[in-house]
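For reference, the structure discussed in these notes is given below.
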Amino acid sequence: MSTSSPVTRIRDHATVRPHAVALRDKHLGVWREYTWEDYWEQVQLAGHAYLALGLEPGDRVAIHAENRPEWLIADMGALAARAASVGVYPTNPAAEVGYLLGDSGAKVILAEDQEQVDKTFEVLDQAPDLRKVVYLEPRGIRNRYDHELLMPWEDFLELGREHRDAHPDAIAATMDAAEPEDLATLIYTSGTTGPPKGAMLSIANVEFAIRILAEEGAFTDPPPGPDDLLLSYLPLSHVAERIFTTWFNASAGTQVNFAESAETVPANLREVQPTVLFGVPRIWEKLLAGVEIRLSGASWFKRKVAAYWLKVADRLGHQLVANGGAHTARTRLVYGIGYVVFYRALKDRLGMRKVRYAASGAAPIAPEVLRFFMGIGVPMHEVYGMTENTAVATANRPGRIRLGTVGEAHPGVEVRIDEATGEILTRHPGVFVGYWRKPEATAEVLGADGWLRTGDVGEWVEGTHLKITDRMKDIIITAGGKNISPSMIENELKASPYVREAIVVGDGRKYLTALIGIELDTVGEWAQRKQLGFSTYKDLTAKPEVVELISGVVKDVNTRLAQVEQVKEFRLLPKELDHEDGELTATQKVKRSAIAQMFDDTVSEMYARSSS
Amino acid sequence: MSTTTSTPGAGSSRPAARRGHRSRRPGGRPHFYRSYGQELALFNTRPKLSGVGAIILVALVLPFMLADNLLQTLALAFAFAIGALGLNIVTGLAGQVSLGHAFFLGVGAYTAAAISGDPDGRTIGFGITNMLVWLPAAGIVAALAGVLIAPIATRLRGLYLAIVTLGLVFIGEHIFREWRDLTGGAGVGREAATPELFGFSFARSNALFTTDQNLYLLMLVLMLVFALGARNLARSRVGRAFAAVRDRDMAAEMMAIDLPRTKLVAFGISSFYAGCSGALIYSVIGFFEPSSFNLLLSVQFIAMVLIGGAGTVAGTIMGALFISLLPTLTRELPAYIPIISGSVTETPNVFQLESILYGLLIVVFLLFEPRGLFGIWIRIRTYWKGWPFSY
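For the protein sequence lines, the chains are A and B, in the order given. Numbering follows the UniProt record's numbering, with no gaps: position 63 of the first sequence is 63. Numbering follows the UniProt record's numbering, with no gaps: position 293 of the second sequence is 293.
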């Protein structure tokens, strides 16, 4: 009896439903389908190719590409060959690619195109173990680059085919030899503070996550199945997208559809109309802002109708929240009428008409945003987990939602709060093995008793639901000694369509202030309607009218906050925060320390003015 | 619409997999194209299919609700619609302006009349009254005439082509007037083809239906067949070549589209439709004379295509119905507006008003709604498609 793993599950699907659709990607305007048979065949070829390149069990393979079928094929092929995959974010600059390659000691890297190949070559000296650079898109590379390490994807598969002809049973043998303790993947945490750390997830960890989240349906009810469609658009290097794309697909047989690019996600959502949809707060905030922009540009009659039904949706949202997310007879009737005239069309335009389960996770989100989607009829759930516990911790269950909490612990998962520090701890078979080559860092978070320190501070609500206060290290203690969670205030601000980023500061100060980054799309649109000319982002942020607009947002948020939590002063960030400039992590999380340093003058200015 | 093969023989190498285990095709996602064929499909969305089905159902019920004289007008309108569909192919789809449609109509009408005519009568007749013979023959002879004209069209464009085809109408009118053996001569005329199928005459009442109900249903079915043909043509390789020639002939040629051949095919098919239409129109009326095939008839067809919506099948049918029903409406006018007379001898009379209306409608539509009646529909559809947004 061999160890069950995602790749053995793919093999099972290929025998049970060889002609059902496993993956789709858009090619020349048409969604090209990969059946389970195709998928399994390619996974085997990739596995054989790794063996042909001399990879040993436990070796690492880096994947540096946007979401596409080859990502999954390379990942699962590595698992079949008992190697582990390391996802590299497509937005990672060369320096970080170099760090990841060097730290992980990857022997093969799959680079998507010329841009990513260039990054690898730039840092080749930091990656002494690298044996092959396999590229997917030949444009700009074929006939132009000549390097012994380079190999096109087709040749890579051909290598696998030759290896299979010579050793037909090699992959079956390695799969049979696989152990639950085998390293399945290295997932590098985004590293808001230090350099990224590679979290080691074993096959046992992954299988536990699959059992809890997919098979036992800890998120969805009923559990995902072959009739579910998903859109894969968040970075696969992140544990959340790996669950919803790779592992849901391998275990439940869901149909994965790859978005063409980050920009086309709204259009792809409309085409695919997924049934299960996971998003990070930024995505939901942006979708919400998109609705507001497009409604403001609609004709008079449409605007009036929308305003009315959105008001109803807001009321419905409140009632749903009060009822745990389940409908009462009355709300069902009101929603039914609204569905015919408004919500159906709105959800169709958003690409959420068929969504039976939507989830937000990976970062805190403002309850207003969740309530909006619940009101228009998208069953929205906030879930919680982190790389180090294979994203298995808590989730709001359909019908038992408590807004503002991250839900209840999954069955079979231990979650407790440290009495002294308020830190959340989890313990279950999905807790990771440790950080790659960083035993000290591992010891900091993982006790000998198996409890994982999450680094999040939280409390219990009604004894069942977990509410996260903030990241432990982000908690602000004002000069008055008050403990304040900045992310709650930031999310209130970010719920406005005009605000993209908000960074609340005030540690050791008398009061709170904020650095606010505006959303270029919405504020630009707003400025155009006000006949306000502007040239660049910086120019726009300097307009007194824009400052006035954001000031209104801040004032509105302040009315909902306690005295000490109110933002007394704010400044607009003169530039859009960017990963490449080191202000955001690869997952678009703000690096507080970097920002605080960069805008030190601005911050002290905010405190200087009032004290004088 | 599952593509699970129902024939066990197909793909027998992996039979267990072929059947049963295939997950269902994701439905209700109109923009989710998984093949190019899906976009080219006749009815690419379910609402379209059910909408057309509903309209056809209403049309089938109508003969039992409406008065017989209105049914005859509608039967005639359907026959006209077939001709308009033909003009739509050459003008709306392939972009070749043709004013000579009346000529092809005449060729078809006389061919049919001659084949089904009484052998012992005053005019030429072969006594083959079966529709299955005279209808295709009318189309084929007209198509041959079209193919003869086409070489001119390949060398001319726009206004020049319009003038040449205009000349065709006058030549045709002259021939029809002079060839007395065939046409009976000006002012006299001849019997039209008899609508008969294997001895069953549609032009007579029977136990089930009246004459007008018979003719209405016959014309409806024929129009649907021709409309389906036109719609299928438009989405085929040939139809796409037509559209490419219309949009820019030089660009089309660069895409390896054979211009002379494409135009030849366009004229041929268009004339086939015209010939069939001519034969059918007069088989409903029963009698016709050579001066019918004049410029006004051509203009009427142009009006149908332009008012309906050039390049669209549904629009052309709408336009044909609109123009054909227009006289029924204007004839009511004298009762409401006293200065307009119902008599031919007085001025202003309704017939003059009709001519003015044709012209006026063409001008108004070209200026304000170039996509015709179909354009109005498109506009309404876009408004609701965007709901609740505007774009």
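All C-beta atoms, glycine included, are put in the ideal place defined by N, C-alpha and C.
Nearest candidate by alpha-carbon position, reference residue i, set the options
i, options, result
"A:R270", "A:I489, A:L346, A:L236 and A:A177", "A:L346"
"A:A172", "A:T390, A:K575, A:V43 and A:I468", "A:V43"
"B:A145", "B:N349, B:G106 and B:A279", "B:G106"
"B:Y33", "A:A267, A:A78 and A:V355", "A:A267"
"A:R571", "A:K538, A:S593 and A:L370", "A:K538"
"A:E37", "A:D59, A:W31, A:G253 and A:M488", "A:G253"
"A:G463", "A:A420, A:L493 and A:G407", "A:G407"
"B:L87", "B:G278, B:Y358 and B:L366", "B:G278"
"A:K286", "A:M175, A:H381 and A:V523", "A:V523"
"A:F373", "A:E56, A:G412 and A:R344", "A:R344"
"A:T587", "A:H238, A:V431, A:V21 and A:D169", "A:H238"
"B:F288", "B:T123, B:V58 and B:P26", "B:T123"
"B:F143", "B:F126, B:K263 and B:L159", "Reading off the sequence shown, one finds Ala at residue 143 of chain B, where the question assumed Phe. Of the candidates B:F126, B:K263 and B:L159, the one whose C-alpha sits nearest the C-alpha of B:A143 is B:K263."
"B:N130", "B:L57, B:F202 and B:F64", "B:F202"
"B:G108", "B:T210, B:L280 and B:V164", "B:L280"
"A:D348", "A:V378, A:R332, A:A326 and A:H327", "A:V378"
Supposed contact pair residue j and residue i - C-beta distance, whole angstroms, cut 8 Å
i, j, result
"A:V256", "A:L28", "Contact doesn't hold; Cβ gap of about 19 Å is too wide."
"B:P370", "A:K302", "Between A:K302 and B:P370 the Cβ distance is about 26 Å, and since that is not below 8 Å, they are no contact."
"B:G139", "B:G275", "4 Å"
"A:T246", "A:P6", "7 Å"
"A:S190", "A:K438", "That pair is no contact at about 15 Å."
"B:G158", "B:V97", "7 Å"
"A:V117", "A:I141", "6 Å"
"A:S85", "A:W436", "In fact, because the Cβ distance is near 13 Å, the residues do not count as touching under 8 Å."
"B:A192", "B:S271", "Contact flag wrong, Cβ pair sits at about 19 Å."
"B:G319", "B:G372", "6 Å"
Residues that DSSP places opposite residue i in a beta bridge
i, result
"B:N130", "B:E196"
"A:L427", "First, the residue type needs correcting, since residue 427 of chain A is Arg and not Leu in the sequence shown. Paired residue(s): A:E414."
"B:F43", "Per DSSP, none; premise fails for B:F43."
"residue 615 of chain A", "Examination of residue 615 of chain A is not possible in this model, given that chain A is present from 1 through 612 alone."
"A:Y34", "A:L23"
"A:S261", "DSSP output for A:S261 lists no bridge partner at all."
"B:T288", "One point to set straight first is that residue 288 of chain B is Phe, not Thr, in the sequence displayed. Note: B:F288 sits in a beta bridge opposite B:R190."
"A:A502", "A:I516"
"A:I477", "A:N483"
"A:F570", "A:A514"
"A:V461", "A:H465"
"B:I89", "Per DSSP, none; premise fails for B:I89."
Residue i classed as buried or exposed, judged by whether at least 16 other C-beta atoms fall within 10 angstroms
i, result
"A:A443", "exposed"
"A:T185", "buried"
"B:S23", "Because B:S23 sits at a pLDDT of 44, beneath the cut-off of 50, its placement in the model cannot be relied upon, and the point is left open."
"B:I149", "buried"
"A:V603", "buried"
"B:W134", "buried"
"A:I365", "buried"
"A:I69", "It should be noted that the sequence gives Pro, not Ile, for residue 69 of chain A. Per the 10 Å Cβ criterion, buried."
"A:E545", "exposed"
"B:A335", "exposed"
"A:T454", "buried"
If you pair each beta-carbon of the region 250-258 of chain B with each one of the region 78-93 of chain B, do three or more pairs fall below 8 Å?
no
Between the region 322-329 of chain B and the region 261-268 of chain B, do at least 3 Cβ pairs fall closer than 8 Å?
no
How do the region 124-136 of chain A and the region 86-94 of chain A stand: do at least 3 beta-carbon pairs fall below 8 Å, yes or no?
no
Cβ contact check for the region 215-230 of chain A and the region 271-288 of chain A: 3 or more pairs under 8 Å:
yes
Touch test, the region 497-515 of chain A against the region 476-489 of chain A, Cβ-Cβ under 8 Å, three pairs minimum
yes
Using 8 Å as the Cβ pair cut-off and three pairs as the minimum, do the region 197-215 of chain B and the region 44-54 of chain B touch?
Fewer than three Cβ pairs drawn from the region 197-215 of chain B and the region 44-54 of chain B lie within less than 8 Å of each other, which leaves the two stretches out of contact.
Under 8 Å, with one C-beta from each stretch per pair, do the region 171-184 of chain B and the region 31-45 of chain B reach the 3-pair mark?
Counting Cβ pairs under 8 Å, fewer than three are found: no touch.
Please determine if the region 342-353 of chain B and the region 288-298 of chain B are in contact, where contact requires at least 3 C-beta pairs separated by less than 8 Å.
Contact between the region 342-353 of chain B and the region 288-298 of chain B is absent, because fewer than three Cβ pairs lie under 8 Å.
Contact between the region 110-117 of chain B and the region 219-233 of chain B (3+ Cβ pairs under 8 Å):
no
If you pair each beta-carbon of the region 56-67 of chain A with each one of the region 77-87 of chain A, do three or more pairs fall below 8 Å?
yes
The region 69-88 of chain B contacting the region 302-313 of chain B, beta-carbon criterion three pairs below 8 Å:
yes
Three-pair Cβ contact test at 8 Å for the region 313-332 of chain A versus the region 524-537 of chain A:
no
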